[in-house]
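Single-structure report; data block below.
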Amino acid sequence: MTATRGLEGIVATTSSVSSIIDGVLTYRGYNIDDLADYASFEEVVYLLWYGKLPNQQELSGFKAELSKNFALPQPVVDMIKSFPLNDIHPMAAVRTAVSSLGLYDEEADEMTDEANSAKAIRLQARLASIVAAFSRIRDGLEVIEPKEDLSYAANFLYMLNGEVPDEVSEKAVNKALVLHADHELNASTFTARVCVATLSDVYSGVTAAIGALKGPLHGGANERVMKMLSEVGEPENAEEYLKGALERKEKIMGFGHRVYKDGDPRAKHLREMSKQLTQITGESKWYEMSVKLDEVMTKEKGLLPNVDFYSASVYHSLGLKHDLFTPIFAMSRVSGWLAHILEQYENNRLIRPRAEYTGPSMQKYVSIENR
Ligand SMILES: CC(=O)SCCNC(=O)CCNC(=O)[C@H](O)C(C)(C)COP(=O)(O)OP(=O)(O)OC[C@H]1O[C@@H](n2cnc3c(N)ncnc32)[C@H](O)[C@@H]1OP(=O)(O)O
Ligand SMILES: O=C([O-])CC(=O)C(=O)O
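In this note's numbering, the protein residues as written are 159 to 529.
See the structure below:
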């Protein structure tokens with residue numbers, strides 16, 4: 159038995175949710191470029207879960223179902239209020255709050271398709287409410303009830319800021335959510351599948367996935383990209399900063415990818431959004447700095463930006479707090495996790511690989527008084 163480090167190149171399951179073939183990303187066979195340009199996030203969630211694009215009536219019904227489920231159980235809000243709010247990362251708060259949703263769901267352990275679909279809707283809606291509620295409670299503000307007639311993207315911004323967003327912000331958040339929704343067998347999705355393949359419940363699978371997304375090698379990179387941009391400060395510092403970091407053998411956040419070696423197809427959309435939004439805010443320096451880092455990184459290391467790189471300046475331009483960037487990723491990716499969880503249940507087999515043993519062998523037990 160020989161181990162493959164990081165399971166690189168190992169095909170661990172079949173899936174019909176999303177594909178990456180020759181550098182092209184599709185959700186259920188639809189190219190991400192078309193979905194990013196034309197689809198609402200709700201349409202994409204429907205597509206991921208039910209395998210087809212909804213017609214008008216199906217979409218209205220689905221949006222209505224989501225809208226009805228944004229409100230959080232009061233004990234979950236009270237629990238968030240009890241967190242050491244200023245000492246924790248929002249991803250830790252989101253992980254714990256999502257886990258607690260399971261405590262107030264009578265169907266948490268009900269394994270029928272119907273119950274699992276209903277839980278998926280509740281989780282998708284409530285992820286946005288948890289992120290917004292955490293942020294407001296941390297700022298000493300009242301939690302805002304959702305508005306039933308708003309889109310998912312607009313409702314999130316409304317619950318976060320207390321104002322119905324303008325069209326530009328709503329569209330930008332919608333597009334970012336579409337771009338982050340699913341990505342084949344990335345680390346957090348694999349985590350979710352491993353968890354539920356024991357026939358554990360949906361809440362456990364999503365909680366485990368949030369834990370995996372939190373790490374800086376995965377979803378946690380977007381917040382760290384913004385930290386780097388803040389440290390760089392001005393576009394003219396970018397080259398020197400990056401060369402210094404590479405000399406110190408630091409990992410540059412937002413670059414490189416396990417699967418894409420010729421570029422992440424989502425990055426060009428986020429780059430364009432970053433250009434447009436930074437022009438609107440009058441802070442083009444974040445875009446220019448990002449482009450400079452991108453150029454130098456390509457030249458120096460041949461590494462290209464991933465989805466987390468330009469999303470940082472996009473979210474910053476939308477006025478979003480930097481430590482909410484990864485929770486916002488989770489709000490989108492929960493749709494993919496749920497699609498994969500439902501797919502795993504449909505054709506389940508325990509996921510249990512082997513390890514190549516590298517420890518000592520044939521050791522003789524020595525009683526404690528003789529050690
Ligand atoms: C949504 C997402 O999860 S997208 C990824 C988000 N993560 C990041 O942006 C973090 C920065 N990037 C990375 O750490 C990596 O590129 C990963 C984790 C994304 C992919 O990692 P792997 O496929 O395991 O590649 P690995 O880490 O083996 O890198 C191969 C080589 O490129 C180098 N490398 C890869 N990414 C980077 C980077 N961002 N900065 C500097 N060097 C890098 C490695 O140091 C390694 O060099 P070596 O062969 O001289 O040791
Ligand atoms: O697929 C991966 O390894 C990471 C990634 O880009 C994602 O999860 O969106």
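Beta carbons are placed, not taken as given, at the ideal position from N, Cα and C, and that holds for glycine.
| Item | Value |
| --- | --- |
| At least 3 beta-carbon pairs within less than 8 Å: the region 249-258 vs the region 303-316 | no |
| Contact under 8 Å by Cβ, MET489 with ALA276 | no |
| Beta-carbon proximity check, PHE199 vs VAL336, cutoff 8 Å | yes |
| Range covered by the beta strand (DSSP E) that runs through VAL182 | 182-185 |
| ALA266 versus TYR361: straight-line alpha-carbon distance, rounded | 7 Å |
| Given MET386 as reference, the closest of LEU343, ILE168, PHE413, GLY373 once Cα atoms are compared | PHE413 |
| N- and C-terminal bounds of the beta strand (DSSP E) containing ILE486 | Counting along the chain, ILE486 falls outside any beta strand (DSSP E), though it belongs to the alpha helix (DSSP H) covering 483-504. |
| Neighbourhood of VAL289 by C-beta, 8 Å cutoff - its chain only, sequence neighbours within 5 removed | PRO248, VAL252, PHE314, LEU318, LEU482, PRO485, ILE486, ALA488, MET489 |
| Close beta carbons around VAL301, own chain, < 7 Å, minus the five adjacent residues each side | VAL235, ALA291, ARG294, ILE295 |
| Span separating the alpha-carbon of SER448 from that of LEU435 | 13 Å |
| Nearest to VAL454 (by Cα), restricted to the options ARG429, SER432, ALA396 | ALA396 |
| DSSP-derived helix/strand/coil call for PHE413 | strand |
| Rounded Cβ spacing between VAL169 and GLY494 (contact assumed at less than 8 Å) | With 8 Å as the limit, VAL169 and GLY494 do not qualify as a contact, their Cβ atoms being about 18 Å apart. |
| Rounded C-alpha distance that separates TYR468 from ASN528 | 60 Å |
| Cβ-heavy atom distance, ARG416 to ligand 1, below 7 Å | yes |
| ASN313 - DSSP class collapsed to helix/strand/coil | helix |
| ALA425 versus GLU458: straight-line alpha-carbon distance, rounded | 19 Å |
| CA-to-CA distance, PRO511 to ILE438, given in whole angstroms | 50 Å |
| Residues near LEU183 by beta carbon distance below 6 Å, same chain, minus five either side | ILE190, PRO423 |
| PRO463 (DSSP reduced to helix, strand or coil) | strand |
| Simplified DSSP assignment, three categories, for TYR523 | coil |
| C-alpha distance - GLU408 paired with LYS401, whole-angstrom precision | 10 Å |
| Cβ-heavy atom distance, GLU441 to ligand 2, below 7 Å | no |
| Simplified DSSP state of TYR418, which is helix, strand or coil | coil |
| Through-space distance from LEU508 to TYR445, alpha-carbon basis | 45 Å |
| contact_flag[the region 351-358, the region 221-229] where n(CB pairs < 8 Å) is 3 or more | no |
| Any non-hydrogen atom of ligand 2 closer than 7 Å to ALA345 Cβ | yes |
| Integer Cβ distance of ARG284 from LEU230, believed to fall under 8 Å | 6 Å |
| Check whether VAL472 and HIS338 have beta carbons under 8 Å apart | no |
| Cα-Cα separation, ALA278 to ALA350 | 13 Å |
| Supposed close pair LEU206, ASP340 - CB separation, criterion 8 Å | 6 Å |
| Close Cβ partners of GLU177 (< 7 Å) along its chain, the five nearest in sequence each way excluded | A small fix is needed here, since residue 177 is Ser in this sequence, not Glu. Once the five neighbours on either side are set aside, the close Cβ partners of SER177 are THR184, GLU342. |
| Bridge-paired residues (DSSP) for ASN189 | THR184 |
| Closest residue to VAL417 among HIS376, MET384, ALA334 (Cα-Cα distance) | HIS376 |
| Backbone secondary structure at ILE509 - three-state DSSP | coil |
| ASN189 CB to nearest heavy atom of ligand 2 below 7 Å | no |
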